[in-house]
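Chains as they are written, first to last, in my numbering: chain Y, 1 to 107; chain G, 108 to 611.
Backbone N, C-alpha and C define an ideal beta-carbon position, used for all residues, glycine too.
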């Protein structure tokens with residue numbers, strides 16, 4: 001297991017960064033991985049310092065506002081016309097978005 | 108297919124292995140607007156006419172949750188005897204596939220709104236009686252439907268060999284509830300029937316809740332069937348296959364049966380069952396290999412930052428509990444008593460997937476026996492001929508009751524009623540409209556009938572003589588002649604009266 005500059009296990013390994021890059025469809029060269037993986041580990045370490053101040057009585061949160069149950073009524077509202085919806089599409093055909101064939105996965 | 112799939116006869120497979128089922132059902136809710144935006148959800152619209160920046164995933168667009176969909180999710184959870192989360196969130200399920208333009212599906216991950224439930228289904232036993240079987244529910248969670256892909260090019264119209272794909276996002280963002288069972292163990296040889304009974308009951312329950320139109324052929328109720336085999340009930344669970352999009356009740360049963368015979372043959376030959384998704388082929392009744400799931404999918408779920416948590420108050424949950432329909436077993440038992448049906452009659456109705464249709468036909472005024480008669484004979488035959496579920500026939504229970512009302516009023520006979528069904532199913536309008544347009548009404552007008560009767564008597568002097576001699580049974584031949592002349596559209600009882608009047 002490689003260690004960081006302080007001799008600790010890094011918060012994220014080079015292999016994990018490579019895996020995440022693949023999942024996110026980001027093409028990274030070996031040199032870029034060498035450069036970026038330690039930086040990402042450093043960032044995670046910095047964020048992890050929050051743990052030092054978060055006591056047991058502070059629950060983890062995913063939202064910065066203390067709101068729940070924000071609902072809208074089940075009503076139809078005008079959207080886009082097909083022409084407007086397709087206006088930004090690189091290609092369209094039969095009033096549909098045309099995309100390259102999808103390999104390796106089944107619909 | 109280039110290779111033949113080995114199958115083991117079902118009985119032999121069951122003698123050697125214990126099947127374990129898992130069922131995932133996706134239900135499209137019948138809200139008028141989508142889950143996170145105000146786009147309409149109507150089925151069959153022109154492509155990309157029911158879209159907006161939110162469901163197209165355009166930058167800066169923000170989702171707002173449809174309250175009616177949350178209400179429906181809670182009611183479904185309660186109807187399945189689930190606990191309702193006191194607090195839960197949506198999560199992003201990240202994947203790159205063009206059916207979701209956002210590159211993620213907004214779903215729920217480890218915090219489903221409903222969990223740990225059960226439902227009891229009825230499965231026929233050897234004596235023809237219904238036997239209860241309890242199916243445990245793992246969870247029911249909220250998510251959004253995906254867009255529809257059309258693969259262009261290639262020979263099969265399938266994704267393999269396609270040159271490119273065309274996307275319609277009308278369905279993207281339609282509210283969806285995914286209902287997942289726990290592993291269903293102990294069904295044994297009844298596994299296919301249990302699977303079918305469960306999906307049928309879920310469909311009836313969702314219909315009774317009024318939360319979905321549950322049309323399997325339109326995809327508003329879709330079923331994925333997980334199946335694994337193990338040597339005996341005490342062994343660990345085997346490797347499962349997941350058969351996708353099994354979209355009729357009959358196919359659910361067939362797909363389970365097929366997978367049992369396929370997996371049994373593999374295991375017996377010393378091969379492993381591959382963990383994979385499989386495709387169901389309605390026409391040939393087989394499954395074929397799809398995407399391998401050897402590598403666990405990594406969707407990098409994380410809490411959806413654009414939607415705040417849902418915390419249904421216990422008051423709200425109890426209020427919704429008060430709106431639940433009668434539970435399926437009680438419902439069935441009550442109808443059976445009200446209709447005075449035998450267990451066998453009831454099982455025929457349920458087995459044909461016609462319970463709700465018959466119930467609504469009775470509610471619309473038809474007698475239970477006659478409602479059953481039309482659905483299980485005439486309409487079941489037509490559904491079978493066209494390969495659709497009974498409920499998918501383009502006729503409403505109210506229209507069926509309308510046809511029976513015409514029979515009761517003596518305006519059409521059974522034979523003409525079948526032609527009325529033809530017309531309604533062909534989209535010619537209501538039973539009344541079909542009768543008018545096709546001129547199907549029986550003739551009970553005495554002058555028209557009298558003239559036909561006179562002609563029949565004149566043409567059959569021998570028979571007429573017999574009737575004059577008191578042989579009333581001979582009248583049948585004359586009635587037949589009149590009916591033939593009137594092309595079946597005569598009131599047979601009145602014809603008989605007219606004949607006897609003339610020949611007495």
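| Asked | Found |
| --- | --- |
| Contact set between residue 177/G and chain Y, taken where Cβ atoms lie within less than 7 Å | 71 |
| Sequence-distant residues of its chain with Cβ nearer than 7 Å to residue 303/G (five each side left out) | 356, 359, 360 |
| Close Cβ partners of residue 395/G (< 8 Å) along its chain, the five nearest in sequence each way excluded | 108, 385, 386, 388 |
| C-alpha gap between residue 282/G and residue 473/G, whole angstroms | 35 Å |
| Where residue 86/Y meets chain G, residues with beta-carbon distance less than 8 Å | 155 |
| Distance between residue 79/Y and residue 151/G (C-alpha atoms, nearest Å) | 17 Å |
| Residue 125/G burial status per 10 Å Cβ neighbour count (16 or more: buried) | buried |
| Chain Y contacts from the segment 407-437 of chain G (Cβ-Cβ distance under 7 Å) | 407, 410, 412, 415, 416, 417, 418 |
| 8 Å Cβ cutoff met for residue 132/G and residue 309/G | yes |
| Status (buried if at least 16 other CB within 10 Å, exposed otherwise) for residue 528/G | buried |
| Where residue 475/G sits in the DSSP three-state scheme | helix |
| Length of the line joining the Cα atoms of residue 277/G and residue 165/G | 15 Å |
| Residue 397/G, DSSP secondary structure in three states | strand |
| Neighbour-count burial assignment, residue 106/G, 16 or more Cβ in a 10 Å radius | The structure shown does not extend to residue 106/G, since chain G is modelled only from 108 through 611, so no value can be given for it. |
| At least 3 beta-carbon pairs within less than 8 Å: the segment 450-467 of chain G vs the segment 215-228 of chain G | no |
| Short CB-CB distance (under 8 Å) between residue 102/Y and chain G | yes |
| Contact between the segment 480-495 of chain G and the segment 569-577 of chain G (3+ Cβ pairs under 8 Å) | no |
| Cutoff 8 Å: residue 74/Y Cβ touching any chain G Cβ | yes |
| Exposed unless 16 or more other CB atoms sit within 10 angstroms - verdict on residue 194/G | exposed |
| Beta-carbon neighbours of residue 99/Y, restricted to chain B and to distances below 7 Å | In the displayed structure, chain B is absent; the protein chains listed are Y and G. |
| DSSP three-state assignment for residue 297/G, whether helix, strand or coil | helix |
| Per-residue contacts from residue 138/G into chain Y (C-beta, under 7 Å) | 74 |
| Segments assigned alpha helix (DSSP H), at least 4 residues, entirely inside the segment 149-204 of chain G | 174-186 |
| Opening and closing residue of the alpha helix (DSSP H) in which residue 50/Y lies | 50-53 |
| Within chain G, partners of residue 35/Y - CB distance below 7 Å | In chain order: nothing, as chain G lies at least about 23 Å away. |
| Residues sharing a beta bridge with residue 333/G, DSSP | 129/G, 349/G |
| is_contact[residue 196/G, chain Y] using C-beta, thresh 8 Å | yes |
| C-beta atoms of residue 609/G and residue 550/G nearer than 8 Å | no |
| Spatial neighbours of residue 33/Y in its chain, beta-carbon cut-off 7 Å, leaving aside the 5 residues before and after | 14, 17, 18 |
| C-beta atoms of residue 237/G and residue 565/G nearer than 8 Å | no |
| Best match in 604/G, 521/G, 136/G for proximity to residue 321/G [C-alpha to C-alpha] | 136/G |
| Per-residue DSSP class, three states only, for residue 468/G | helix |
| Under the three-state DSSP convention, the category residue 568/G falls into | helix |
| Interface partners of residue 330/G on chain Y, CB under 9 Å | Correct list: empty, because the minimum Cβ distance to chain Y is about 17 Å. |
| Proximity test, Cβ basis, 8 Å: residue 163/G and chain Y | yes |
| Contact with chain Y by residue 523/G, beta-carbon distance below 8 Å | no |
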